[in-house]
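Trainee: Take a look at the following structure, please.
Residue numbers (this note's numbering): 41 to 333.
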């Protein structure tokens, strides 16, 4: 089997830093109760590795992150995810004397600061393009109840009654979405509202580079695309969708064990890429498995 190793793929710099800081915290605070609030990154293999260091994962999708923090013991250590967190978490940490290890990706921080800047401008209103219930989206929406969330082109119509025709609009977005989806949503908004619009595309460089690498694949020579990544990973799912959009049969897999023989029937060339939080060793196992066929 011919294997096309799509580049770039796998870990982005933000994920590398988050994992490094989490591992360092496990060593530095050994002997104390260390919790991971939500998923550090969206990859089961990474989470298992951190948990094996003695870190306790805490997830409850019925509670927001500040409320979840309230359930943790005083004087604990809490590792925050790379996706960004609700700023109210810091208030809870101060109340409970909790030590925070903030692994927020710098691209998420840039988006958060941008939104804060424009929330302070009385002549602006904000539209955020993001995935419902994604931790990054939740972190942005926590900044103000006035932020309008849009996930799809179809949802644009729902926010129109909320928009003030006398105010300008800032549109920004989650860092791990599909650039194609973002552009389509922005285009629809611009056709429906007369307001002056400022669009700040905060898609991170790593996400954009990985998406462009998929869009540059030749569907006439590649029979199959396998994207190695977790089902919770937004950027992973978007890579699968992009492969399908250019006409390549595409599947997401956690690791080599997910590869189905029926996918490979009558295939001679398969491309392999990976989400931004997928460990290199998992990718290499997939590539070696395919090369031996």
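The beta carbon of each residue, even a glycine, is placed where N, CA and C say it ideally should be. Owing to the predicted nature of the structure, the values given are computational and were not obtained by experimental measurement.
Count the other CB atoms within 10 Å of the CB of residue 152; is the residue buried (16 or more) or exposed (fewer)?
Mentor: The residue you call residue 152 lines up with position 112 of the chain shown. Classification of residue 152: buried, given that the 10 Å Cβ count is 16 or more.
Trainee: Would you please state the rounded distance, in angstroms, between the beta carbons of residue 165 and residue 218? I believe it to be under 8 Å.
Mentor: Along the chain shown, one-based indexing puts residue 165 at 125. Along the chain shown, one-based indexing puts residue 218 at 178. About 24 Å separates the two Cβ atoms, so there is no contact after all.
Trainee: Between the stretch 201-208 and the stretch 234-245, do three or more beta carbon pairs fall short of 8 Å?
Mentor: With a cut-off of 8 Å, the stretch 234-245 and the stretch 201-208 count as touching, because enough Cβ pairs lie within range.
Trainee: Please say whether residue 330 and residue 291 have beta carbons closer to each other than 9 Å?
Mentor: Walking along the chain shown from the start, residue 291 turns up at place 251. Walking along the chain shown from the start, residue 330 turns up at place 290. Cβ atoms of residue 291 and residue 330: not closer than 9 Å.
Trainee: For residue 215, which residues of its own chain have a beta-carbon under 8 Å away from its beta-carbon, when the five flanking residues on both sides are left out?
Mentor: Within the chain shown, the letter at position 175 stands for residue 215. Answer for residue 215: 145, 147, 148, 151, 176, 242, 243, 244 and 247, listed in chain order.
Trainee: Going along the chain, which residues of its own chain have a beta-carbon closer than 8 Å to the beta-carbon of residue 163, five neighbours each way excluded?
Mentor: Residue 163 sits at position 123 when you count from the first residue of the chain shown. Correct list, in chain order: 207 and 208.
Trainee: Compare the beta carbon distance of residue 313 and residue 279 with 9 Å and say whether it is the shorter of the two.
Mentor: As a working mapping, residue 313 is identified with position 273 in the chain shown. As a working mapping, residue 279 is identified with position 239 in the chain shown. Yes, the pair counts as a contact, with Cβ atoms nearer than the cut-off.
Trainee: Would you mind stating whether residue 66 and residue 95 have Cβ atoms separated by less than 9 Å?
Mentor: For the purposes of this step, residue 66 is taken as residue 26 along the chain shown, with counting starting at 1. For the purposes of this step, residue 95 is taken as residue 55 along the chain shown, with counting starting at 1. Cβ atoms of residue 66 and residue 95: closer than 9 Å.
Trainee: Answer yes or no: the CB of residue 169 versus the heavy atoms of the ligand ADP, is any distance below 8 Å?
Mentor: As presented, the structure is devoid of all ligands, the ligand ADP included, so that no description of it is given.
Trainee: Looking only at C-alpha atoms, which of 124, 262, 90 and 323 sits nearest to residue 106?
Mentor: Residue numbering aside, residue 106 sits at position 66 when the chain shown is read from its first letter. That would be 124, whose Cα lies nearest to the Cα of residue 106.
Trainee: In terms of residues, what are the limits of the beta strand (DSSP E) holding residue 290?
Mentor: Here residue 290 refers to the residue found at position 250 of the chain shown. First-last of the beta strand (DSSP E) with residue 290: 289-293.
Trainee: Is residue 257 near residue 283, with beta carbons less than 9 Å apart?
Mentor: For the purposes of this step, residue 257 is taken as residue 217 along the chain shown, with counting starting at 1. For the purposes of this step, residue 283 is taken as residue 243 along the chain shown, with counting starting at 1. Cβ atoms of residue 257 and residue 283: closer than 9 Å.
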